[in-house]
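There are 2 protein chains.
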Amino acid sequence: MRIGLDMMGGDFAPIEAVKGVKLFLDTVATDAHLVLIGDEAALAPLLSDAQLDQSKYSVVHSSQVIGMNEHPTKALKEKPQSSIGIGFHLLQNGKVDAFISAGNTGAMMVGTFYSIKAIEGIQRPTISTPVPREDGSFGLLLDVGINADCKAENLVQFAVLGSLYSKHILQNSNPTVGLLNIGEEEGKGNLLAQATYPLLKEHPQLNFIGNVEGRDIFTNKADVIVCEGFTGNVVLKMAESIHDIAVRRNINDDYMHKFDFETYGGTPVLGVSQPVIIGHGISKGIAFKNMLTLAQQMIESKLLDKIRESFVK
Amino acid sequence: MRIGLDMMGGDFAPIEAVKGVKLFLDTVATDAHLVLIGDEAALAPLLSDAQLDQSKYSVVHSSQVIGMNEHPTKALKEKPQSSIGIGFHLLQNGKVDAFISAGNTGAMMVGTFYSIKAIEGIQRPTISTPVPREDGSFGLLLDVGINADCKAENLVQFAVLGSLYSKHILQNSNPTVGLLNIGEEEGKGNLLAQATYPLLKEHPQLNFIGNVEGRDIFTNKADVIVCEGFTGNVVLKMAESIHDIAVRRNINDDYMHKFDFETYGGTPVLGVSQPVIIGHGISKGIAFKNMLTLAQQMIESKLLDKIRESFVK
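Here is the structure:
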């Protein structure tokens with residue numbers, strides 16, 4: 001398996017990207033070959049210093065960089081030799097089996113939707129966040145921001161995608177699904193939630209347990225929680241801010257530290273035909289390592305094949 | 001001024017209601033006369049034990065109680081002698097200037113909308129929550145649950161109502177208004193947020209500062225944050241759960257304790273023609289005291305007159 005990594009993406013690239021590669025190769029059992037995409041001159045001394053096993057990676061030179069604030073579509077068009085442009089080119093042509101970047105998020109989204117396609121039957125690919133729980137396990141919340149307006153059918157597809165991810169990546173054998181709502185009983189909520197509930201209830205592939213409320217997000221009530229991307233994004237960013245508050249106030253609690261979502265290393269775009277992982281701009285070594293690990297897990301578990309099978313008509 | 005209080009509402013009534021009355025009369029400077037609505041036989045010994053100044057209150061007997069899980073409309077219709085039924089009757093007939101209950105929330109909402117009217121020009125009355133901030137001040141988030149589906153015009157009205165409340169009750173002299181959204185720039189967000197932004201920007205009565213994100217809710221970025229009631233309710237209940245987590249994990253932090261929203265003592269229904277305050281079912285003495293204080297503040301500050309003036313065409 002070959003994993004493509006954008007070495008120039010993120011606020012602390014390429015140094016932290018190199019650190020992540022080293023962490024990954026030093027600590028994770030892998031037969032992956034890493035394809036490191038970036039400026040050769042910038043990378044050479046860092047890679048040399050890191051004393052990596054040279055058989056485990058190769059460098060693909062990119063002569064351009066897309067800045068964090070550039071217009072996504074314009075930048076991708078005008079900078080085909082950027083690390084993101086090259087990454088999607090390699091993915092499209094089967095030269096890598098997954099592509100990871102902590103660079104310009106918009107460019108990553110545009111690249112994903114234009115270079116590789118949604119899996120047949122999926123209306124709206126989605127992004128998610130792991131939700132830390134007190135017992136050490138992880139739930140999954142989706143969508144967390146790319147689908148701000150949704151129809152009920154979209155939420156049902158998120159539930160299927162999330163269940164497969166929860167099962168094959170987060171190791172929940174029969175993941176429960178909850179609908180994020182503002183009341184417990186069926187019939188509660190806004191028009192979208194009211195329309196979604198019966199569809200989730202009837203769906204043969206889902207282990208639907210009903211509505212979950214804001215207070216249930218960090219509990220084990222549901223392994224997969226679905227909502228439109230507006231509410232999901234507000235929830236995610238609010239949870240991140242709780243971590244900031246805990247750090248600022250010297251609250252030293254193991255669980256509160258798990259609200260440091262950046263360490264999780266980015267989100268896969270679920271529902272597209274190849275593994276793409278989008279990292280936070282502020283990703284550090286541990287985040288890059290975790291994204292590499294996730295890419296490997298997605299490939300090894302054949303998650304995308306499972307998704308394809310689920311959406312066959 | 002006369003404040004009506006349902007002594008039978010809430011999980012710990014009437015004991016905690018009596019405690020709240022005592023706390024209020026003992027610690028808050030007031031010339032209010034309290035009208036305590038409840039079962040006389042149940043109240044008499046408790047009130048006697050509390051050794052209250054008898055000139056400060058009178059008891060109005062109610063022979064029925066609406067349970068926490070009864071159907072609101074049905075219960076109100078079939079139990080006119082319930083404490084909630086009598087409370088709204090007194091409010092409607094000018095016998096009290098405000099009505100407070102920690103009883104059946106649905107019955108309180110139905111009672112509010114059927115007994116007293118929305119202020120002319122207001123399409124959707126709303127409920128809010130104070131938002132604790134690290135500097136000790138309070139922001140305001142609204143709507144937090146009674147308007148799950150909203151139009152842009154509703155959010156604009158929430159912003160006006162919230163600004164007046166923030167100014168006259170929370171003492172923010174020129175409250176800033178933020179639109180809860182999933183990006184900073186104008187044009188971001190779901191269709192509702194996109195439609196609301198320009199209306200807030202152009203509104204002559206509002207000090208609009210733009211979008212705020214989930215991470216900004218607990219900061220001073222905006223004194224008043226508006227959203228539809230679906231997202232607002234999820235945010236509120238999630239914040240409450242953070243407090244539960246902090247308690248469970250023995251996190252002893254002054255600020256985290258402020259996420260104990262129950263102590264704030266309930267929410268006024270903003271936009272209706274008389275002060276109505278709805279408490280949490282699990283209200284204890286401090287919550288009842290805070291609701292009485294809030295009712296007094298709403299009357300003294302003539303908040304409802306200010307609201308009427310703002311909505312004159």
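Protein chains in written order, with full-length UniProt numbering: chain A, 1 to 313; chain B, 1 to 313. Built from N, CA and C at the ideal position, the CB exists for glycine as well. From a predicted model like this one, the values you see are computed outputs, not experimental measurements.
Fill in: C-alpha distance - A:Pro27 paired with B:Asn190, whole-angstrom precision
Inspection of the sequence shows that residue 27 of chain A is occupied by Thr rather than by Pro. The straight-line gap from Cα to Cα measures roughly 42 angstroms.
Worksheet item: If we count the other Cβ atoms within 10 Å of its Cβ and call it buried at 16 or more, is B:Ser48 buried or exposed?
Response: exposed
Discussion item. Can you check whether the C-beta of A:Ala287 is within less than 8 angstroms of a C-beta belonging to chain B?
Written reply: no
Discussion item. Using a Cβ-Cβ cutoff of less than 7 angstroms, which residues in the same chain neighbour A:Asn154 once the five nearest sequence positions on both sides are dropped?
Written reply: Gln123, Arg124 and Asn147
Practice prompt. Determine the burial state of B:Asp31: buried for a count of at least 16 other Cβ atoms within 10 Å of its Cβ, exposed for fewer.
Written response: exposed
Worksheet item: From B:Met8 to B:Ser82, what distance separates their C-alpha atoms?
Response: 9 angstroms
Practice prompt. Mind checking who A:Tyr57 pairs with in its DSSP beta bridge?
Written response: A:Leu34
Discussion item. Residues of chain B with CB closer than 9 angstroms to the CB of A:Leu5, please, in chain order.
Written reply: Within 9 angstroms Cβ-Cβ: nothing; A:Leu5 doesn't reach chain B, min ~27 angstroms.
Worksheet item: Between which two residues does the beta strand (DSSP E) containing A:Ser101 stretch?
Response: Ala98 to Ser101
Worksheet entry | Rounded distance between the beta-carbons of B:Val131 and B:Phe208, thought under 8 angstroms | Incorrect: roughly 18 angstroms between the Cβ atoms, too far for contact.
Worksheet item: Taking the runs of the alpha helix (DSSP H) that are 4 residues or longer, which of them lie wholly in the region 222 to 283 of chain B?
Response: 229 to 248 and 254 to 257
Worksheet item: Excluding five sequence neighbours on each side, which residues of the same chain lie with their C-beta closer than 7 angstroms to the C-beta of A:His280?
Response: Ala102, Glu262, Gly266 and Ala287
Worksheet item: What beta strand (DSSP E) runs, 3 residues minimum, are completely inside the region 144 to 195 of chain A?
Response: 176 to 180
Discussion item. Taking the alpha carbon of residue 355 of chain A as the reference point, which residue from A:Leu180, A:Leu34 and A:Asp216 has its own alpha carbon closest?
Written reply: The question about residue 355 of chain A has no answer here: the residues shown for chain A are numbered 1 through 313.
Discussion item. Contact criterion: CB-CB distance below 8 angstroms. Does A:Val35 meet it with respect to chain B?
Written reply: no
Fill in: Distance CB(B:Ala295)-CB(B:Ile277) smaller than 8 angstroms
yes
Worksheet item: Roughly how many whole angstroms lie between the Cα atoms of B:Leu76 and B:Glu228?
Response: 28 angstroms
Worksheet entry | Distance between beta carbons of B:Val234 and A:Gly187, contact taken as under 8 angstroms | A:Gly187 to B:Val234, Cβ: 18 angstroms. No contact.
Item to complete: Keeping to the same chain, check which residues put their C-beta closer than 7 angstroms to that of B:Lys22; ignore five residues upstream and five downstream.
Response: Ala50 and Leu52
Fill in: Host alpha helix (DSSP H) of residue 315 of chain A (start-end)
One cannot answer for residue 315 of chain A here, as it falls past the ends of chain A, which runs 1 to 313.
Worksheet entry | Cβ-based burial, B:Tyr264 [other Cβ within 10 Å; buried from 16] | buried
Worksheet item: In the structure shown, what three-state DSSP assignment does B:Thr219 receive?
Response: coil
Worksheet item: Within the 8 angstroms Cβ cut-off, does A:Lys237 reach chain B?
Response: yes
Fill in: Cβ neighbours of A:Cys150 in the same chain (closer than 6 angstroms, five flanking residues each side left out)
Glu228
Discussion item. Once DSSP output is grouped into helix, strand and coil, what is the label at B:Gly92?
Written reply: The sequence as given places Gln at residue 92 of chain B; Gly does not occur at that position. Looking at B:Gln92 - three-state DSSP - the assignment turns out to be helix.
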